[in-house]
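Just so you know, the protein sequences line up as chains A and B, in that order.
Counted the way the working numbering counts, the first sequence spans residues 95 to 400.
Counted the way the working numbering counts, the second sequence spans residues 95 to 400.
Where a beta carbon is used, it is the ideal one built from N, C-alpha and C, also for glycine.
All remarks here apply to the structure that follows.
Number of protein chains: 2
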Amino acid sequence: MSLKLTILGCHSATPRTFAHPTSQVLEINNHFFLIDCGEGTQTQIRKFKVKFSKIKHIFISHLHGDHFFGLIGLISTFSLLNRQTELHIFAPKGAEEIINLQLKLTKSWVHYPIYFHDLTSIESELIFEDEKVEIFTIPLKHRIYTNGFLFKEKLGERKLNMAKILHQNEIEICDYQNLKNGKDFIKENGLIISNKDLTIDPPPPLSYAYCSDTAYYEALIPIIKNVNLLYHESTFLEDNVELADKTKHSTALQAANIAKKADVKKLILGHYSSRYKNLEKFIVEATPIFKNVELAEEGKVFSIEN
Amino acid sequence: MSLKLTILGCHSATPRTFAHPTSQVLEINNHFFLIDCGEGTQTQIRKFKVKFSKIKHIFISHLHGDHFFGLIGLISTFSLLNRQTELHIFAPKGAEEIINLQLKLTKSWVHYPIYFHDLTSIESELIFEDEKVEIFTIPLKHRIYTNGFLFKEKLGERKLNMAKILHQNEIEICDYQNLKNGKDFIKENGLIISNKDLTIDPPPPLSYAYCSDTAYYEALIPIIKNVNLLYHESTFLEDNVELADKTKHSTALQAANIAKKADVKKLILGHYSSRYKNLEKFIVEATPIFKNVELAEEGKVFSIEN
């Protein structure tokens, strides 16, 4: 099981040549989930060699431009690349209207199906599920309706303990799937061999929580409890804590406090205001509260395997 | 009198790290006119150090994404930069609806006045005029409603021929403006001194014609006749003339033919398809028809003074 997060952009507000607005790709169990899509995201996707065709699900946290203005361009480019496979977009209500109006007025017909999944709930909800992954919203506290997203692997199959299985003559290959599924083995004489004596626990499922944009908001702590990786916005440092409060953003210190209280394993900071030229200060501010912290940087990859 | 054209982007279709979609800034008589606004234009404006605050008029040729998707981001950035001065946008009908819907749904209120000037005419029309400049549309032939733009300096004031004026004792400083305006001088004894004997012709007005996107279209020739500078799209080379015809774009050879027939002074080629890696071929194809031809390149500046 593995999880790989590629940062495409991690700056707030207006795009600059070396400071792109928010976008990330999360690779988990053969899914490539695109999270947010600021202006220029499609260029970053090319730059960091993510294959366009692999992206089938896009998650938009909120409809501020630095998280959203690149979506129409990406949709159009998919079309120019002759995409046929369907695209699912999870976004606050309104995104569909904007995209469809633009496609209509620009007469840019797309030849692949786009399914919009309007997000409206103010409580955490399951929005995607397959055999291996489930995704929940994380309601955040921002100036407009905003969700973070929690990506969770499901508990995998149990691993066969072959040394022990080969000692049992009656167990055949056709029994393996039942064992992987956790079933005990019943011998011909009626004796039961416990599944735990024949299999090993699967690796613990991995999880990633994306929380941007948001003010300091303790209500998200139970939702993101114990995640392996947390991306929490830190638009400001504590020198601007009042501005953070006013604009409903967070400081690095506040992000660290959320990480600590939620017992996450690692914290990534991002969504920096352009006023800060030296980003190391974000680490300096967060570390006394939460040690395992790193800066998001464009092109940086965070990988976890187990 | 001078004219300075800065190319911000000159490639067709999808943006790439080193191939931005169409946008240009024309500096003429202290105006900074932005022409087209593909995704990433605001980043290019920063990169090539054009001052955001100087842009007061934006001209959108048509509503295809590679000429238009950067507009909402630019409008939002103007707002973040606390712009107060008004902005005029000349664009096909529909642009206003798209921009206003996005501003509404993203709750991004702008605090400066935006005036949309809907373009709907299929004949060339005067859309802007002040003391020194006038701007006309150039109806083009493309898959959707499209205009090019003709920027023309007005004929300036006549220059005083001081050597001759100082020979005439009766002419005082307060008479100079009348002479600049072309009036004859009437002496106290009733004798008339012709204006031409006291002034020099002003430099001929400069003109720039922007023609993108368009198929080969001879109807535009009388409108752009004799301009100093013509930007004519050349998405393709003649190896793809059928594709050019089908998609209503032009080849370099066709652009050169238009330049020749319109007797323009200089031709700039641009809007290259990404299939061409060696852009010198565009020059090779155009030169036998029209000699004074150059390639548009990002950051390249074309200046004319007289």
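With 16 other Cβ atoms within 10 Å as the buried cut-off, status of S96 of chain A: In the first sequence, counting from the first residue as 1, residue 96 of chain A sits at position 2. Exposed, since its Cβ has fewer than 16 Cβ neighbours within 10 Å.
Using a Cβ-Cβ cutoff of less than 6 Å, which residues in the same chain neighbour A303 of chain B once the five nearest sequence positions on both sides are dropped? Within the second sequence, residue 303 of chain B is the residue found at index 209, counting from 1. Counting only Cβ-Cβ distances below 6 Å, and skipping sequence neighbours, we find L244, I318, V321 and L324.
If you run the structure through DSSP and keep just helix, strand and coil, what is Q48 of chain A? The structure shown has nothing for residue 48 of chain A, since chain A only spans 95 to 400.
Inter-residue Cα distance where the pair is F142 of chain B and K385 of chain B: Taking the first residue of the second sequence as 1, we reach residue 142 of chain B at position 48. Taking the first residue of the second sequence as 1, we reach residue 385 of chain B at position 291. Cα to Cα, the separation comes out at about 29 Å.
Note down, in chain order, every chain A residue with its Cβ under 7 Å from the Cβ of T108 of chain B. Reading the second sequence from its first residue, position 14 is the one you call residue 108 of chain B. The contacting residues are Q136, T171 and L174.
List the whole-angstrom C-beta distance separating Q262 of chain A from I287 of chain A, where the pair is believed to meet the contact cut-off of C-beta under 8 Å. Position 168 of the first sequence, counted from the start, is the residue given in the question as residue 262 of chain A. Position 193 of the first sequence, counted from the start, is the residue given in the question as residue 287 of chain A. Going by Cβ atoms, the distance from Q262 of chain A to I287 of chain A rounds to 7 Å, so yes, they are a contact pair.
Does any heavy atom of the ligand SAH sit closer than 7 Å to the C-beta of T329 of chain B? Ligands displayed in this structure: none; no statement on the ligand SAH is therefore possible.
Is it true that the CB of K354 of chain A sits closer than 8 Å to the CB of I383 of chain A? Numbered from its first residue, the first sequence carries residue 383 of chain A at position 289. Numbered from its first residue, the first sequence carries residue 354 of chain A at position 260. Yes. Within cutoff.
Here's a check: name, in chain order, each residue in its chain whose Cβ is nearer than 8 Å to the Cβ of K248 of chain B, leaving out the five neighbours to either side. Stepping through the second sequence from its first residue, residue 248 of chain B is reached at position 154. If we look at K248 of chain B and ignore the five residues flanking it on each side, its Cβ neighbours are E225, K226, V227, E228 and P299.
Which value, in whole angstroms, describes the spacing of the CA atoms of L157 of chain A and L273 of chain B? One-based indexing of the first sequence puts residue 157 of chain A at position 63. One-based indexing of the second sequence puts residue 273 of chain B at position 179. Approximately 60 Å, taken between the alpha carbons.
Residue span of the alpha helix (DSSP H) that contains N272 of chain A, given as start and end: Position 178 of the first sequence holds residue 272 of chain A. For N272 of chain A, the enclosing alpha helix (DSSP H) has its first and last residue at Y270 to K274.
Step through the CB atoms of chain B and report whether any lies within less than 8 Å of the CB of G159 of chain A. One-based indexing of the first sequence puts residue 159 of chain A at position 65. Yes, G159 of chain A lies at the interface with chain B (some Cβ there is under 8 Å from its Cβ).
L260 of chain B to D278 of chain B, Cα distance in whole Å? Mapped onto the second sequence, residue 260 of chain B falls at position 166. Mapped onto the second sequence, residue 278 of chain B falls at position 184. For L260 of chain B and D278 of chain B, the distance between alpha carbons rounds to 16 Å.
Report yes if the C-beta distance between I405 of chain A and L128 of chain A is below 8 Å; otherwise report no. Only positions 95 to 400 of chain A appear in the structure, and residue 405 of chain A is not among them; the question remains open.
Considering only their Cβ atoms, is the gap separating L373 of chain A from L347 of chain A smaller than 8 Å? Indexing the first sequence from 1 puts residue 347 of chain A at position 253. Indexing the first sequence from 1 puts residue 373 of chain A at position 279. Contact flag unset, no.
Cβ of I201 of chain A less than 8 Å from any chain B Cβ? Here residue 201 of chain A is taken as the residue at index 107 of the first sequence, counted from 1. Here residue 201 of chain A is Lys; the residue named in the question, Ile, does not match the sequence. Yes, K201 of chain A counts as interfacial toward chain B.
What does the alpha-carbon distance come out to for the pair I362 of chain B and L314 of chain A? Position 268 of the second sequence, counted from the first residue, corresponds to residue 362 of chain B. Position 220 of the first sequence, counted from the first residue, corresponds to residue 314 of chain A. Near 56 Å, if we compare the C-alpha coordinates of L314 of chain A and I362 of chain B.
Starting from the Cα of T179 of chain A, find the closest Cα among A:I149, A:D160, A:W203 and A:K258 and give me that residue. Here residue 179 of chain A is taken as the residue at index 85 of the first sequence, counted from 1. Per the Cα distances, A:I149.
Alpha carbon to alpha carbon, how far is S344 of chain B from S328 of chain A? The residue you call residue 344 of chain B lines up with position 250 of the second sequence. The residue you call residue 328 of chain A lines up with position 234 of the first sequence. One alpha carbon belongs to S344 of chain B, the other to S328 of chain A, and they sit about 49 Å apart.
Using beta-carbon positions only, say whether S367 of chain A and N241 of chain A come within less than 8 Å of one another. Reading the first sequence from its first residue, position 273 is the one you call residue 367 of chain A. Reading the first sequence from its first residue, position 147 is the one you call residue 241 of chain A. Cβ atoms of S367 of chain A and N241 of chain A: not closer than 8 Å.
For a quick check, are the C-beta atoms of I183 of chain B and F163 of chain B less than 8 Å apart? Mapped onto the second sequence, residue 183 of chain B falls at position 89. Mapped onto the second sequence, residue 163 of chain B falls at position 69. Not closer than 8 Å, so no.
For L220 of chain B, collect the residues of the same chain with a Cβ closer than 8 Å to its Cβ; drop the 5 residues on either side in sequence, then sort them by chain order. Within the second sequence, numbered from 1, the residue matching residue 220 of chain B stands at position 126. E228, I229 and F230, listed in sequence order.
Closest to T116 of chain B by C-alpha separation, out of B:H125, B:I139 and B:S202, would be which residue? Taking the second sequence and counting its residues from 1, the one referred to as residue 116 of chain B is at position 22. For T116 of chain B, the closest C-alpha among the options B:H125, B:I139 and B:S202 is that of B:I139.
Residue ranges of each beta strand (DSSP E) run of no fewer than 3 residues wholly in the region 199 to 234 of chain A, ordered along the chain? 208 to 213, 220 to 223 and 227 to 233
Start and end residues, alpha helix (DSSP H) containing G167 of chain B: Within the second sequence, numbered from 1, the residue matching residue 167 of chain B stands at position 73. Unbroken alpha helix (DSSP H) run through G167 of chain B: L165 to L174.
Does G188 of chain A have its Cβ less than 8 Å from a Cβ in chain B? By one-based count along the first sequence, residue 188 of chain A stands at place 94. Chain B, which has a Cβ nearer than 8 Å to the Cβ of G188 of chain A, makes this yes.
Restricting to Cα atoms, I'd like to know which of B:I122, B:L99, B:E133 and B:V119 is closest to F112 of chain B. Taking the first residue of the second sequence as position 1, residue 112 of chain B is located at position 18. Answer by Cα proximity: B:E133.
Rounded separation between N351 of chain B and K375 of chain B - CA only: Residue numbering aside, residue 351 of chain B sits at position 257 when the second sequence is read from its first letter. Residue numbering aside, residue 375 of chain B sits at position 281 when the second sequence is read from its first letter. Straight-line measurement puts the Cα of K375 of chain B at about 16 Å from the Cα of N351 of chain B.
Measure the C-alpha to C-alpha separation of P316 of chain A and Y206 of chain B and round it to an integer number of angstroms. Mapped onto the first sequence, residue 316 of chain A falls at position 222. Mapped onto the second sequence, residue 206 of chain B falls at position 112. Rounded to whole angstroms, P316 of chain A to Y206 of chain B spans 43 Å at the Cα level.
In the region 227 to 259 of chain B, which residues sit with their C-beta less than 9 Å from some C-beta in chain A, listed in chain order? R237 and I238
Determine the burial state of G284 of chain A: buried for a count of at least 16 other Cβ atoms within 10 Å of its Cβ, exposed for fewer. Taking the first sequence and counting its residues from 1, the one referred to as residue 284 of chain A is at position 190. Of the residues assessed, G284 of chain A falls on the exposed side of the cut-off, its CB having fewer than 16 other CB atoms within 10 angstroms.
What's the C-alpha gap between K198 of chain B and L213 of chain A? Translated into the one-based positions of the second sequence, residue 198 of chain B becomes position 104. Translated into the one-based positions of the first sequence, residue 213 of chain A becomes position 119. Rounded to the nearest angstrom, the two C-alpha atoms are 18 Å apart.
I need the boundaries of the beta strand (DSSP E) containing I101 of chain A, first residue and last residue. Against the first sequence, residue 101 of chain A aligns to sequence position 7. Unbroken beta strand (DSSP E) run through I101 of chain A: S96 to G103.
Quick check on T111 of chain B - is its C-beta less than 8 Å from some C-beta in chain A? What you label residue 111 of chain B is simply residue 17 of the second sequence in a count that begins at 1. Judged by the 8 Å Cβ criterion, T111 of chain B is in contact with chain A.
Along the region 140 to 160 of chain A, what residues have a CB closer than 8 Å to any CB found in chain B? For the region 140 to 160 of chain A, the residues whose beta carbon sits under 8 Å from a beta carbon of chain B are, in order, R140, K141, L157, H158 and G159.
Terminal residues of the continuous alpha helix (DSSP H) containing P186 of chain A? For this step, residue 186 of chain A is matched to residue 92 along the first sequence. Where P186 of chain A is concerned, there is no enclosing alpha helix (DSSP H), although the beta strand (DSSP E) it sits in stretches over L181 to P186.
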